[in-house]
Every structure is written in structure tokens, then in C-alpha cells.
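Each remark here refers to the structure printed beneath this line.
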Amino acid sequence: MKERVLIIGSGPNGFGRETEGDVAAYQMASALLDRHYDVFLIDNNPYSFTASRPDIDVITADLTLDNVLATLESYNITAIVPTVGSMTAINLTANVVQSLGDQAPKLFGTSYPAMQAAQNTKYLQERLEQLNLPAVQTRLATNAGEVFDAARELDFPVVLRPIATPGPAVRLQADDADDLDQIAQDALRQSLTHQVNVDKSIRGYREIALVVMRDCRDTTLMIGGVEDLDPVGVHSADSIAITPIQTLSDPITETLRTAAFKVARGFKVEGLLEVRFAVRPEDESYVITRIVPYYDRKAALITAATGYPLVPVMTGVMLGERLDKVTLPGIYANHTALLEPTMDHIAIRFPVFAFRELEKADILTANRLDTVQKSVGATIGVGRSVEEALEKAIRAAHFNNVSFSPTVMNALTDSELIEQLIHPRDNRIFVLMEAIRRGYTVDELAELTKIDPFYFYKIEQIMTLEQSVREHPWDIETLKAAKYYGLSDGLVARLWNTVYDSVRRYRWDNNVLPTYKAFEPSAGEFPEAVAQFYSTFEDENESERLGDHTALIIGSGAFRLGDGAAASYVEATVADELKALGWQTVLVNNNPHDLLFVPQLGDKRYFEPIEISDVMNVVEIEQPSQVFVPGNRIKLIQSLRAVGLNVQVIPHEKYLPSTMAADGATSLINYFCDGQALYPVAISEQSNEQVTVSQPKKITEVSLNLPEGDFRQPGLYQSQLSPGQLVGTDLDVQLRPMPFVQVALLEKVSGYAWMRMAIRYMVGQETQQDQAHLLGLKQWQWLHHRGTLKYVDDEFIEHMHIHGSFDNGRFAIGAQLILDD
Amino acid sequence: MTRRYLILQDGSIYPGEAFGAPATTFGEIFFHTAMTGYQEIMTNPIYHNQIVVFTMPTIGVAGINHRADEAIGPMVKGVVVRSLAEVSTNRLKSMSLHEFLKRYNVPGIAQIDTRALTRHLRETGTQKASIVDVPDEHAFDQLQALVLSNQQIQQTSTPRAYVNPGRGANVVVLDFGLKNGILRKLNDYDANVTVLPFSTSIDELANLDPDGIILSSGPGNPNDVPADILELIKHFQTQVPLFGIGLGHELFALANGIQLVPMQTEHHGMNHPIREQITNQILYATQAQGYQIDATSLKDKNMIVTYVDLTDGAIQGIRHRDYPAFSVQFFPDASPGPIEASQPFEDFMELVEDRRKGDLS
């Protein structure tokens, strides 16, 4: 019987749920359809790009056990995939297996024990012990005497974790018996059951993650490894992360690799598995801290960094295909699935935080990094040295070149500096730099931060270079060195008190040009087909102009607060449509989670910061016929136009100051613009909790006076409807582009791909059906007559320790989609 | 830092920054794709007199830790990297890579576009190269005039026999450029090991009454090896468990009339899938291979193929149908590299124990 496969989505975006699950689900759906499976997706994320596929069945419903069970029943599902929907899908699928037992559909991609171990640390520890693998040592204590016995047995430092606390989970560290004396009773009191878990403390250990794959024949391979800059104690997503692993020697690397294989084997995983380790630098001993049986940020980073076709391979493997026989998309060589990726470049993931943005809006948060994730997005920087990769990642994260400005940290007092070194905040890297600048030795800093001194030497190197650039204006050798280590034209310009274009022209005149290198898994050993590049300044350039009918699509970088995932959805739609229209697409972005990096969407991809100079370098290679830029990049748009490029702006509401107050519900009319006229297409209502969109009951066609300028651009726009005003009547319109969040909502509810049509109008490839659609709007019936996007903010409030309310339309990361029939 | 140059026989010049010793060096250049284990690679006698290019862009971070030595001091003549870690910070290190190379008078060159160089070498194959102060005509003339030694076994094999005592089986290792990993592995079995020079005669070896013989890995062209060694292999393979590794594998093949040919693309890395032919199990192992068995010459040789490289089909292991003798091309002792490929040692020690129990003879 043909399998009917249900992919569980990850639900509303949030911490640990950026768009990486969607990226994986999209590719997995393609791989399943290629094999003629029937594919189903259950999700309630309005920004899901996978859910916009017309070739799969999408069930829009909240991710609850009841809804999944009902779906299994009514669609005759025979297999279920929990590996591309974050921890949400793992939890849900574990519940399905528990409640259906033998009657549950086949489980694809992981195993029940692996899901349990991902959910339950205690279970993981027990299983690891059975497998003779080191886990965090834990003892249960019910009185102070037992707490002390446990601490002595495990050796200090220890961490006390009271069981069943009335509030959030508590962790108390004791470095010695004196500490313990103070906290033991307190910890016991905090437990409703008067029980405390005493853990051997691994604070300060190095955090390492390995991603491995195992098939039905027990073939195992390692896809890659990631090292965190910050030690255990800072959430892994909030630390700068580096791949390949830099500071471990070969024996410990091989030990961890073998341990990861043992875990995959022990938990009978047929598919992808990520194993997290904590390594003690003093003697390279280690413990396993977590297993992650789904495609998460580390897998996304490794996929981006190696060019390994991770999702196609994991899909084949979960279906029982052997790694040596797995079917891969055409461009990959036969051996690709089995060749362990080896890198000849460095990729650094740089977390992006929202504290400042919230502060600016007068929302109080506790700016401190701990074991609960605080970052809301990330960038990736790629280079041929740690310095270069780090510079590019920072530049990508900050959209500009403030990276190493000595003035940023001047205000910090010495004691504040020490405090922030020990208790990291969002400005981690800048504090580290400032400390070096103030003369702290590398050894002192390594002791305070538990960061490997190697990285301090690298940071020191960058700062010395910056100083040298400042001291040697217009010196070509210094400029060469600056470029070699990843400094941007913009930063050099600032250090030389000039403008980026002068530096750029000077660089050109002196033939200091970027060279693009391929991401491929063999480090140059084999000629591989490659569509993915990064820049550096070396001898050989491997990227040639793709063709003479290319569209360059510039992404919007790291997710921040608000509409990151929705923007990703819109940009992916743009790329996909352009490809469908026969364009060759070139994508530039630096967000390792972004949908723009779904391989099917681009003929060629650049992992680059999107500072003007980086984008211009790509433009010079590709000479695109059209460039698509998100509307909020005003300076970039100006620069691109200044060199005579044909620039299409993807309207983004941040382009215009918002006139929409968020108090109470506001009614809006939404229009489609074909470049000539506005067509009213939808009514929406927005409040701080939600946005509802519905088909207008009555459309009166009138010609509105279009303001000059960017409103001539085809796209979706909206204007506020005054109380009592009739839809479509002529009004003194204050138009703004329709927010991406609402574009996604409108498309899902109406069942029509408006953005795709806008793109067709933009490039002059609109069809007769498009015109007919616009003219027949009155007769046309929406797929759902009404739909609501409800902001999800509880998790956000909890992670960020926010007190009070805030503007959801501006800040909410995630939302759920509710459709009316 | 000092500007120096890497020059190749074909006229290519790569400017870079000097590290290690300021000496001028010559050797055959090759690239290695491992991301870890630079020290093990540099000290492996198989790379005697060669210049190594690391494709991993940052080299030196873990420093030098003598437990990771595969021989005393570096065996390579030069080291080519993209980005050198000037200061090594690993807690277990005893010195930095720079200090290590300086101490042994080996030059290194950094800030090379190693990816461009690798892609170039992938097309041209290995060639002669030199690290020099000035890339002038004189330097190229010297490079052209350089004759690569074909006496590498003579140069790397131990001049006299020595014992690494143990309480277990009596294992003899014939040293063709032995790496420490093989001895470390035999230590795990508490074998009583005698390491013999490559020039050991049949009688001398027979006097030791070995329970098993290992033909070690080593450098150079297997076709340059003195014919006496092949005779010795032929003599003992019928009587004593015999296990060839790397060059030892190649010599075992030659002794059995199998041809060896230079490879189009050499294997120097640890990421190729290798299939065990009987169980179909796929594993990864460190490879250092410039010659391969000519599969056509293997027919009618009473051998079965045991391991195959799945990227290009290169034969990675053979076993004699009648004798307790077999060999592998890859490094079952790891160091560096994956430790999952050690099964051949297990197989060998099993044969050795069988023989000790009298099951074989």
C-alpha cells in the first residue's frame, strides 16, 4: 500500500522554532513526492511556506493530540514524521504513540526511546548508563544529610535542582561545603515533595554538538560538529557557535564521534540525531547532556556550512533506504550521501537578541543570558579564518559596521565590565573585546569566562588589525590585510573617515577583489556540482556569472522581533515565483534558518552579510537583470539604483512610518496594485491580540488617486477605514504596504497567491488569468471566507521576563492561524 | 612575519607567510582533507620527505601533545596552511606547532589559498614543490633538478630490532616506516612485540617463532621495495598469520603477483566510505594512499577483496583464500581518524590466538 505520510509542523514560531523546521519540511515534502508518497502536513503556523504548497494536503489545526488523532483517522495516515517540527512535533508524536500503542502509524525518522530521551533527562541518563556512556551524575536526596553525602560522592561543585517546585525550575550551584550549607535546606524547602536532585556541576564545560546519521543497515556517519564559544551555563542558542570544531584534538573528537554513533545505535534511530556533549577542558573528559532527534538550529547550521544534502538524505533514510543507495536530487554525485563532509572554511553562527529593541519601546527585560534561550534570531558568517568568519557574522547581525567601534563600550565601568564578563549579556562579543582593549590578559579572561583562550587571541588579532587600519589611512597593504581578515569596506571607510564608495573604488583601482569559494562537502578533493558560495579575499575565484536572465533576491538577514518568519515566507514566495517564471535566481542572505536557503528556490546562493559593500560585490559578479530588495533597506536600494540596476522593492511596511495605532481594533481595506490601479481585495481588522481578514461583501470599483512614487509598484497595500466609511469609496488614502504578517494571512485564508501575482506584474509577465482575476474579484469566492491570525506571546514573555503588555503587531514572533469555513 | 613562497614544479608560485623553521625545503606535495589530527599526520613516516597541504583552514589550535606522535618529530619536509594558530591553547599541549616545526628545522608557510592549491593539485596530481625565500629561476632550477629518493623504506625503517614487551602473543612487526598507532593497538592486546628492520632475513624472522606478523605501513612507491621482502612474505604467509597495512598491504599484493598502479587522485583524508564486502558494513578510516591494486591483475590470484572505497571503487583490502593472510590499505589503528575501522586488528589477533592454541599450522 502506498504510504500516506503525515508531517507534524512546529506550530507558531518561537524560541527554538525559527523557520528551520519549515525549511526541512519543504524539502522533505519534495523528497516524499518524488517517491510518489501522499504527503500531509498538520500545522497552524500562518507563515509556513510548506503549507502553501499546492501539491500536498494541509490540515490547518492547532497542534493538539486530539487534532492529530482526528487527522490520522480521517486521512488514513499510515506513517508519521516528527523530525522537522521541533520539540513540538516530538512531544506530540510521543503522545500519539503512547495513546495508540500498537495501533499508532509507523514512526518515520526517529524512535520512541529517542523521543522519550529528548523529553526526559532522567530517562536519558538511565539509558546512557546502560549503554556505558557518561551522563551527568545525579543523586536524589530527601534531607540535608543526603544532600551532603551526594555532594561528597559526586565531588564539588554540584547543582541542586528541587523537584516539583511551585514556580519555575530552580537551579542552585554550590562550589564547596560552605555554599552547600547555605542552600541545602532552602533547596529542600522549595520542593513540594521535599526532594532535591543533586547533579555534578558541569558549568564551565565546553559545549559540543555532533550531528550524525544512521540507516537501517546500521551504517553511521558524522555530518558535522559544532563548538559553542560560551561554556555550559549559557543556552546553546545564545552562544556564538563555530563549525568545524576548532579547539578539540583528534582523539577526543573521535571519542565523541564514536559515542554519538553508540547513542544512535542504542536508541535505534534510523535517521538524523544530534548528540550534545559537555567536555571538560582540563582533561578532555566528557558527558552527554542531551539528544536532539529532530532537525534543529545545529542541523541547519551544519547543512548551511557543509553543503551536505541533509534533508534529502534523512528523508531517504527514514523510508528505509540505505545510505549507499539513497536517492538524491540530480545535482549530487553518487557518493555524496556517504561522504562525510569535510570543510575548508569556517562558519560562525551569531545570535541576535531583542533586548535593545524592547528597551527602546520602554519594555523592561532582564538583559542576562542564562540557561533559558533569549536570542530571537541568528546570522551566519563564513570565511577562511576565524577572524573573517566572525567579522562577517557580526556585520551580518548588525546590518552595518558598528562591530568594533571603541566608543561603544567606553561608558562601562571596570566593575560593570567584570560583572558582564562573568554574567554574559547580549553584547557578549563587545564586552570581550573591551576587556582585551583594557588590558586584561587572555589567561584572566579565560578564567573569568571559561571561553577557550584561542578565541581571545583571534579577537585580539582583529583589534590589532583595526588599530593598524586606523593608523594607516589609504595604505594599500593595510587595506589588503583588512580585507583578508574580513573587515568590510564600510568599516574601513569609517576608520579612515571617508565613505564606503571611496574605499571600494580605491580597492578596485588596486585590484583587491573578492574571490568566491564554493561550499561543498569534499574540501576540494572532488569536483562537485555546487550552487552555494561565500566570499573571501584570496587568489582563486570559483563563482562565474550565472547567466543573462537572472534575478538577484536579497534576503532580510537575521530574524528579530516581529515579522521575521513572515518576511521569510514572502521572500521565499518571490524566489519561487521568479523561478517558475523562467528566471535564474540568485539569493543572498546570511540567516541559516531562512526559507530562502531551501535549495529548490535558488539556482545559486550566496551566504554573505547584506551590508551594501557585500551586496555590491555579488552584483558585480552576477550582473543581474533584476534585483529584489526588501523595502526597509533604503540605503541599499539607493546604492543599487545609483549604479543603474533595475531594482524591485518588495514592499515592507517598515518602509513607511506606521500610522496605525494599535489601541483597540482597527479596520483596514487591503488593495492589490497592478502598477496602475488599486483593487480592493480584503477587509481586515487588527487589534493587539489578533488580525482577522475576510472577503469584502461588497466591492465598489472606483479609481483611487494613487500617490506618486513607490505605490506604483505592484503589490499589496492597505489603508485605514474610518468608522462608518464604505468600502471602496474614494478617500484621502494614507496607504502603506500590507505587513508581511497579513500578506501571509491573506494568502492562506483567501487561497490565492497574491504575492506571486504581484511579482508577475513587477517583471511584466502577468497573464490574462491575472487580469481576469482582478476584473472578476466580485464573482470570485475565497477558499475560507474568514481567517484569524492570533499572536502567540506567552512563551516570549516567559523567556524574556517581560512585565506588562506590549505591541504584538510589532513584537510578536509567532502566531497561530485559525480558519473559518 | 616573513614573506616566503611555495613553488611547484609546474611553475606555479604561491606567496605566503613563513612559520616554523626558516629553512628552504623540497619534497613531493600532496593535500590532506582531515579536519583533525595534523600532528599525527605530520609525524606519520608514510609522509616522509613530503610537503603536506592541509585543507582544514585553521591548523595548530590543539598545539603539540607528544602522546599524539606517530614517530619522533615531524616526518614531512614542509607544512602548508591557510591560517595558523600562532598560540595553541589546548590544556594538554606541550608546545605550539610553530615551536615544534622550528625545533625540527621544518618550514611552514601560512596564508596560502589552500583551496586553490588543492583544486590545482587535484588536476595535476602530486608534483615536486619547494618552500623558498625568493621564487626566482634559480629556485625553479633547483626544484627541477631535485631527484626524489626511492630509498624511503631504508630511511624510515628502524636500523635494528627492538622489543615492546607484553605478556600475550608473540607478534613481529616488520618496519617499513612504522607509525606508533600500530604499536598502540598491539598494546591493547598486551602482545609481546618485536619490531624488525625491513631488511630482516627469512631465517632471522623464523628464529623468533612469531605467532603473527604485521607488515607495517610506510612511505614511497611499493614497486621500489627490495625483492627480498616479497620473498619473505611469500615464505611466511603460508605458515604464520600475516597482516599487511598500507605499504604492507601493497607488498602483500605484490608478493602474490598482483599489480599496483599509481592513483589518478590519491586518497589522503578520513571521510571516504569504505565497504566491508562480506557484511556490507560501511565504515570510515584514515587513508594515505598513492597506489592501488589493479583490479584486473587480481583475477585468478586466489584472493578475495574484503574492503572497497565507495567513492572511486579503489580496493581497500584483500584476503588470501588459503592462507591466514590478509591486508588493508587504510589505517585500522586510526590515530588520527575514526576508530571504528579496527576490526582487522581483531581479525588478526583472532588468527594469532588460533595459532597459539594450535588450531592453525
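Protein chains in written order, with UniProt numbering: chain A, 1 to 821; chain B, 1 to 361.
The beta carbon of each residue, even a glycine, is placed where N, CA and C say it ideally should be.
The structure displayed is predicted, hence computed values, not measured ones.
For residue i, the residue or residues it bridges with in DSSP
i	result
Cys673 of chain A	A:Leu678 and A:Gly715
Val172 of chain B	B:Thr194 and B:Ile213
Lys200 of chain A	A:Val158
Arg91 of chain B	In DSSP, Arg91 of chain B forms no bridge with anything.
Leu41 of chain A	A:Ile7 and A:Val58
Thr342 of chain A	A:Ser522
Ile683 of chain A	A:Ile669 and A:Ser694
Ser327 of chain B	B:Gly244 and B:Ile318
Val629 of chain A	A:Val649
Check whether residue i and residue j have beta carbons under 8 Å apart
i	j	result
Ile8 of chain A	Gly85 of chain A	yes
Ala378 of chain A	Arg276 of chain A	no
Thr126 of chain B	Glu250 of chain B	no
Asp489 of chain A	Val469 of chain A	no
Thr156 of chain B	His48 of chain B	yes
Arg712 of chain A	Gly675 of chain A	yes
Ala347 of chain A	Ala305 of chain A	yes
Gly257 of chain B	Ser217 of chain B	no
Phe243 of chain A	Leu301 of chain A	Sequence inspection shows Thr at residue 243 of chain A; the Phe mentioned does not correspond to that position. Yes.
Thr247 of chain A	Glu227 of chain A	yes
Arg368 of chain A	Arg425 of chain A	yes
Asp344 of chain A	Met56 of chain B	yes
Cutoff 8 Å: residue i Cβ touching any chain A Cβ
i	result
Glu99 of chain B	no
Asp141 of chain B	no
Leu92 of chain B	yes
Ala288 of chain B	no
Asp113 of chain B	yes
Asn129 of chain B	Inspection of the sequence shows that residue 129 of chain B is occupied by Ala rather than by Asn. No, because no Cβ of chain A sits closer than 8 Å to the Cβ of Ala129 of chain B.
Ser342 of chain B	no
CB-CB length for residue i against residue j, believed under 8 Å
i	j	result
Ala397 of chain A	Phe350 of chain A	5 Å
Phe526 of chain A	Ala758 of chain A	Not quite, the Cβ-Cβ distance comes to about 42 Å (not below 8 Å), so this is no contact.
Leu154 of chain A	Arg171 of chain A	The pair is not a contact, with the Cβ atoms about 15 Å apart (cut-off 8 Å).
Residue-level contact to chain B via CB, residue i, 8 Å cutoff
i	result
His799 of chain A	no
His335 of chain A	yes
Gly524 of chain A	yes
Gln532 of chain A	no
Pro231 of chain A	no
Val263 of chain A	no
Gln246 of chain A	yes
Tyr457 of chain A	yes
Phe267 of chain A	no
Val386 of chain A	yes
Pro680 of chain A	no
Close Cβ partners of residue i (< 7 Å) along its chain, the five nearest in sequence each way excluded
i	result
Asp176 of chain A	Phe156
Tyr205 of chain A	Pro231, Val232, Ala278, Val279 and Arg280
Asn617 of chain A	Pro514 and Ser535
Arg53 of chain A	Ala29
Ile13 of chain B	Tyr5, Ile7 and Pro135
Asn401 of chain A	With a pLDDT of only 42 at Asn401 of chain A, under 50, the local geometry of the prediction cannot be trusted, and the value read off the model is given with reservation. Correct list, in chain order: Arg395, Ser488, Gly490, Leu491, Arg494 and Glu611.
Glu350 of chain B	none
Close-in-space but distant-in-sequence residues of the same chain around residue i (CB under 8 Å, 5 per side omitted)
i	result
Arg355 of chain B	Asp211, Gly212, Val240, Pro241, Pro324 and Ser361
Leu260 of chain B	Pro222, Asn223, Glu250, Ala253, Leu254, Tyr291, Gln292, Ile293 and Asp294
Ser99 of chain A	Leu65 and Leu69
Cβ shell of residue i (< 6 Å), same chain only, five flanking positions each side left out
i	result
Trp496 of chain A	Pro473
Tyr47 of chain A	Ala565, Ala566, Tyr569 and Ala744
Ile51 of chain B	Gly27, Ile29, Lys77, Gly78 and Ala129
Ser556 of chain A	Ala567 and Pro630
Gln420 of chain A	Val431
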